[in-house]
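Working notes for the structure below.
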Amino acid sequence: MSSKASRGRLPYPRSIRARFSLAVGALFLVVLTAVGALTVSGVRHSIATEVFEDLHLAIVDWVSRMRPGYIPAPRPGKSTVHVRYLQLVDSRGRVVASNLAASGRAALSTVKPVPGDGMQDLTVCPPWRTDACLLVTVLLLDPQMPDAPLKNGPHYIYAGAVQPVALAKPYMQVGLGAAVLVASAVAAWATRVVVDRTLRPVRAISTRMREATAKDLSMRVPTPLHDDEIAEFAHASNSYLDRLEKAVKARHRFASLASHELRSPVTALRTQLEEALMYPADVDAGSALRNALHSTERLEAIIDDLLAYTRVKDAPLEAYHELDLVSVVEEELAALPPDGIPIRLRAASRPRVRGSRVQLGRVLNNLLANARRHARTHVHVTVEQVGDQAEVTVQDDGVGIDPEDRERVFDAFVRLPEGRRLDPGGSGLGLAISRETCLAHGGSLTVENCPRGTRFVLRLPVPGPDS
45 MSSKASRGRL PYPRSIRARF SLAVGALFLV VLTAVGALTV SGVRHSIATE
95 VFEDLHLAIV DWVSRMRPGY IPAPRPGKST VHVRYLQLVD SRGRVVASNL
145 AASGRAALST VKPVPGDGMQ DLTVCPPWRT DACLLVTVLL LDPQMPDAPL
195 KNGPHYIYAG AVQPVALAKP YMQVGLGAAV LVASAVAAWA TRVVVDRTLR
245 PVRAISTRMR EATAKDLSMR VPTPLHDDEI AEFAHASNSY LDRLEKAVKA
295 RHRFASLASH ELRSPVTALR TQLEEALMYP ADVDAGSALR NALHSTERLE
345 AIIDDLLAYT RVKDAPLEAY HELDLVSVVE EELAALPPDG IPIRLRAASR
395 PRVRGSRVQL GRVLNNLLAN ARRHARTHVH VTVEQVGDQA EVTVQDDGVG
445 IDPEDRERVF DAFVRLPEGR RLDPGGSGLG LAISRETCLA HGGSLTVENC
495 PRGTRFVLRL PVPGPDS
């Protein structure tokens with residue numbers, strides 16, 4: 045076991061917390077990175093578009109003032125605040141005219157558009173400008189145009205602006221990246237805190253469950269005040285502990301009772317054999333063997349009932365088949381000895397059930413044999429269907445069972461005085477096995493009120509047409 049678990053805390057809530065934190069942090073990182081990249085791209089595009097629009101306006105303003113044979117001095121307008129350089133360059137790359145800032149400078153670019161290209165926008169980094177690059181727009185002045193100012197070959201107008209810091213330096217990307225990392229870390233931390241608080245009751249429940257199952261099954265897990273899935277989990281855990289405690293107590297009681305019941309025939313057998321060995325002259329060998337055989341048969345009967353009881357409670361159910369319940373009762377009646385108290389059968393209907401023929405036959409045989417053993421004059425058996433259940437009623441006219449004992453008779457090894465008198469060799473497991481079999485078939489077996497004697501009622505579900 046890990047050191048974490050040994051300190052009373054399971055490792056899995058911590059793993060869930062870490063997985064959720066990492067997942068949320070990664071999700072925030074991906075989403076914010078994508079959003080940030082789109083935002084930065086949009087901002088950069090907007091800044092570049094604004095600068096190039098100023099360059100276009102400056103070129104259009106200069107061209108609009110040109111006349112054939114006349115080149116006015118370039119002057120960027122007040123509206124074109126980003127424009128810093130204006131040049132008119134011939135086809136050989138020589139600067140024909142420029143504003144003061146571009147005076148004495150080489151051509152801003154060597155890019156020369158061809159007719160039909162219109163204005164071209166580009167980014168250049170001239171060697172004389174080491175601190176920043178330039179955004180440049182170039183326009184071809186075609187000498188073939190009727191109002192071309194210069195007829196001696198093509199000329200090019202270059203307008204340039206210093207690249208804004210937002211485009212020249214990665215400050216925006218770095219800042220956005222840092223913000224994304226911080227936001228993702230905060231989201232992961234917040235998720236970790238929330239998941240930790242959410243799983244805190246689960247850890248408390250898990251700790252208490254381990255303590256209860258290891259030390260004291262009477263302990264129960266704490267139930268949160270609010271009504272949510274964790275509270276439902278706590279209620280389910282307490283229900284499980286209730287069932288587990290009852291099952292363990294039943295196992296212990298069953299083991300204790302089984303030991304007690306087995307000790308009696310074993311002790312009797314040992315006593316008989318020791319007496320025959322110690323006093324061989326005084327003990328009749330045939331009588332001793334018969335007594336030993338009787339004790340062995342008693343022991344064998346108890347062991348068989350114990351195996352049957354355990355098989356019904358713990359073993360997988362046998363394959364179920366559709367059965368005619370009246371036919372099963374009739375077969376068990378035919379298997380009883382012909383002499384004895386008469387048993388009358390009344391079949392109000394013929395319900396069909398799904399179940400094990402062997403197991404249900406054993407239940408009916410036990411009920412019929414018990415009823416005949418305790419009856420004085422007769423036994424009545426009724427088979428009918430009531431709603432969606434088949435009912436088999438076995439009623440005798442004997443002394444009956446007191447109301448306070450009607451549930452005890454279904455406990456293992458419980459035998460009432462009347463039962464011990466009429467069947468001294470019984471194991472006290474017949475009714476316990478019968479009830480467990482009925483429960484395994486989805487039914488019930490109870491003792492109900494009647495004017496005289498005892499009335500056992502067996503109920504089994506009747507499958508619907510779609511079953």
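Residue numbers (this note's numbering): 45 to 511.
Glycine included, each C-beta is placed from N, C-alpha and C at the ideal position.
Could you say if the stretch 181 to 201 and the stretch 99 to 115 meet the contact criterion of at least three C-beta pairs nearer than 8 angstroms? Because the criterion of three Cβ pairs below 8 angstroms is met, the stretch 181 to 201 and the stretch 99 to 115 touch.
Kindly indicate the opening and closing residues of the beta strand (DSSP E) around residue 481. In the sequence shown, residue 481 corresponds to position 437, counting from 1. First-last for residue 481: 474 to 484, but that is the alpha helix (DSSP H), not the beta strand (DSSP E).
With three or more C-beta pairs closer than 8 angstroms as the rule, is the stretch 394 to 411 touching the stretch 471 to 480? yes
So, at 7 angstroms on beta carbons, what are the nonlocal neighbours of residue 76 in its own chain, with the 5 sequence-adjacent residues on each side left out? Along the sequence shown, read from residue 1 onward, the residue named residue 76 stands at position 32. Excluding positions up to five away in sequence, the list reads 224, 227, 228.
Let me check understanding here. Comparing Cα to Cα, which of 485, 293, 176 lies closest to residue 40? Because the chain spans 45 through 511 in this model, residue 40 falls outside it and cannot be assessed.
Between which two residues does the alpha helix (DSSP H) carrying residue 365 extend? Counted from its first residue, the sequence shown places residue 365 at position 321. Residue 365 -> not in any alpha helix (DSSP H); beta strand (DSSP E) instead, spanning 365 to 368.
Roughly how many whole angstroms lie between the Cα atoms of residue 505 and residue 435? Numbered from 1 along the sequence shown, position 461 holds the residue referred to as residue 505. Numbered from 1 along the sequence shown, position 391 holds the residue referred to as residue 435. C-alpha separation (whole angstroms): 9 angstroms.
Rounded C-alpha distance that separates residue 386 from residue 338: Here residue 386 is taken as the residue at index 342 of the sequence shown, counted from 1. Here residue 338 is taken as the residue at index 294 of the sequence shown, counted from 1. Their backbone Cα atoms lie some 29 angstroms apart in a straight line.
In this structure, does DSSP put residue 158 in helix, strand or coil? The sequence position of residue 158 within the sequence shown is 114, counting from 1. Residue 158: coil per DSSP, three-state reduction.
Going by the CB atoms, is the gap between residue 473 and residue 454 shorter than 8 angstroms? Position 410 of the sequence shown, counted from the first residue, corresponds to residue 454. Position 429 of the sequence shown, counted from the first residue, corresponds to residue 473. Contact flag unset, no.
Selected residue, minimal CA-CA separation from residue 64, among 388, 234, 156: Residue 64 sits at position 20 when you count from the first residue of the sequence shown. Among 388, 234, 156, the Cα nearest to that of residue 64 belongs to 234.
Alpha carbon to alpha carbon, how far is residue 139 from residue 220? Translated into positions along the sequence shown, residue 139 becomes position 95. Translated into positions along the sequence shown, residue 220 becomes position 176. Roughly 42 angstroms separates the two Cα atoms.
How would you call residue 106, buried or exposed, if buried means at least 16 neighbouring beta carbons within 10 angstroms? Against the sequence shown, residue 106 aligns to sequence position 62. Under this definition residue 106 is a buried residue.
Flag this pair as touching only if the stretch 328 to 338 and the stretch 310 to 319 have three or more C-beta atom pairs under 8 angstroms; answer yes or no. Verdict: yes, contact present.
Any idea which residues DSSP pairs residue 440 with across the strands? Looking up residue 440 in the sequence shown gives position 396. DSSP output for residue 440 lists 423 as bridge partner(s).
Taking buried to mean at least 16 other C-beta atoms within 10 Å of its own C-beta, is residue 243 buried or exposed? Within the sequence shown, numbered from 1, the residue matching residue 243 stands at position 199. Residue 243 is buried by the Cβ-count criterion.
Which whole-angstrom value describes the C-beta separation of residue 127 and residue 165, a residue pair presumed to lie in contact below a C-beta threshold of 8 angstroms? As a first step, residue 127 is located in the sequence shown; it is residue number 83 there, counting from the start. As a first step, residue 165 is located in the sequence shown; it is residue number 121 there, counting from the start. That pair is no contact at about 13 angstroms.
May I ask you to report which of helix, strand or coil DSSP gives residue 449? Taking the sequence shown and counting its residues from 1, one reaches residue 449 at position 405. Helix at residue 449.
Reduced DSSP secondary structure (H/G/I, E/B, other) of residue 499: Within the sequence shown, residue 499 is the residue found at index 455, counting from 1. The answer is strand: DSSP assigns residue 499 an E or B state.
Between the C-alpha atoms of residue 365 and residue 424, what's the straight-line distance to the nearest angstrom? Translated into positions along the sequence shown, residue 365 becomes position 321. Translated into positions along the sequence shown, residue 424 becomes position 380. Going from the Cα of residue 365 to the Cα of residue 424 covers about 27 angstroms.
Could you give the DSSP three-state label for residue 284: helix, strand or coil? Taking the sequence shown and counting its residues from 1, the one referred to as residue 284 is at position 240. Reduced to three states, the DSSP call for residue 284 is helix.
Start-to-end residues for the alpha helix (DSSP H) that takes in residue 417: Taking the first residue of the sequence shown as position 1, residue 417 is located at position 373. In the DSSP annotation of this structure, the continuous segment of the alpha helix (DSSP H) that includes residue 417 starts and ends at 401 to 418.
According to DSSP, is residue 126 part of a helix, a strand, or is it coil? Counted from its first residue, the sequence shown places residue 126 at position 82. Three-state result, residue 126: coil.
In the DSSP assignment, the beta strand (DSSP E) including residue 203 goes from what residue to what residue? In the sequence shown, the residue the question calls residue 203 occupies position 159. That run of the beta strand (DSSP E) goes 199 to 206.
Under a three-way DSSP split, which group does residue 47 fall into? Locating residue 47 in the sequence shown gives position 3, counting from the first residue. Any reading at residue 47 needs caution, since the residue's pLDDT is 44, under 50, leaving its predicted position unreliable; the model's value is listed next. Of the three classes helix, strand and coil, the one that applies to residue 47 here is helix, per DSSP.
Alpha carbon of residue 279 to alpha carbon of residue 343, nearest angstrom: Residue mapping note: residue 279 aligns to position 235 of the sequence shown, counting from 1. Residue mapping note: residue 343 aligns to position 299 of the sequence shown, counting from 1. Going by the C-alpha atoms only, they are around 44 angstroms apart.
On the CB-based measure, 16 or more other CB atoms within 10 Å of its CB, does residue 188 come out buried or exposed? Position 144 of the sequence shown, counted from the first residue, corresponds to residue 188. Exposed, because fewer than 16 other Cβ atoms sit within 10 Å of the Cβ of residue 188.
Of the residues 419, 369, 443, 416, which one's Cα is nearest the Cα of residue 400? Reading the sequence shown from its first residue, position 356 is the one you call residue 400. Comparing Cα-Cα distances from residue 400 to each of 419, 369, 443, 416, the minimum goes to 369.
According to DSSP, what are the bridge partners of residue 389? Numbered from its first residue, the sequence shown carries residue 389 at position 345. In DSSP, residue 389 forms a bridge with 425.
Considering just the uninterrupted stretch of the alpha helix (DSSP H) at residue 209, what are its terminal residues? In the sequence shown, residue 209 corresponds to position 165, counting from 1. Note, residue 209: alpha helix (DSSP H), 209 to 212.
Sub-8 angstroms separation of residue 442 and residue 498 beta-carbons: In the sequence shown, counting from the first residue as 1, residue 442 sits at position 398. In the sequence shown, counting from the first residue as 1, residue 498 sits at position 454. Against a cut-off of 8 angstroms, the Cβ pair of residue 498 and residue 442 comes out as a contact.
So, with DSSP's three-state summary, where would you put residue 150? Working through the sequence shown from its first residue, we reach residue 150 at position 106. Coil at residue 150, not helix or strand.
For residue 230, which residues in the same chain have their Cβ closer than 6 angstroms to its Cβ, ignoring the five residues on either side in sequence? On the sequence shown, residue 230 is found 186 positions in, with the first residue counted as 1. Closer than 6 angstroms at the Cβ level, and outside the excluded window around residue 230, lies no residue.
At the level of alpha carbons, what is the spacing between residue 341 and residue 382? To locate residue 341, count along the sequence shown from 1; it is residue 297. To locate residue 382, count along the sequence shown from 1; it is residue 338. Spanning the alpha carbons of residue 341 and residue 382 requires a straight line of approximately 24 angstroms.
One question on the structure: do residue 193 and residue 112 come within less than 8 angstroms of each other, judged by their Cβ atoms? Sequence index remark: in the sequence shown, residue 193 carries index 149 (1-based). Sequence index remark: in the sequence shown, residue 112 carries index 68 (1-based). The answer is yes: Cβ separation under 8 angstroms.
On the DSSP letters alone, give me the boundaries of the beta strand (DSSP E) that residue 164 sits inside. Here residue 164 corresponds to residue number 120 of the sequence shown, with the count starting at 1. Counting along the chain, the beta strand (DSSP E) containing residue 164 begins and ends at 164 to 168.
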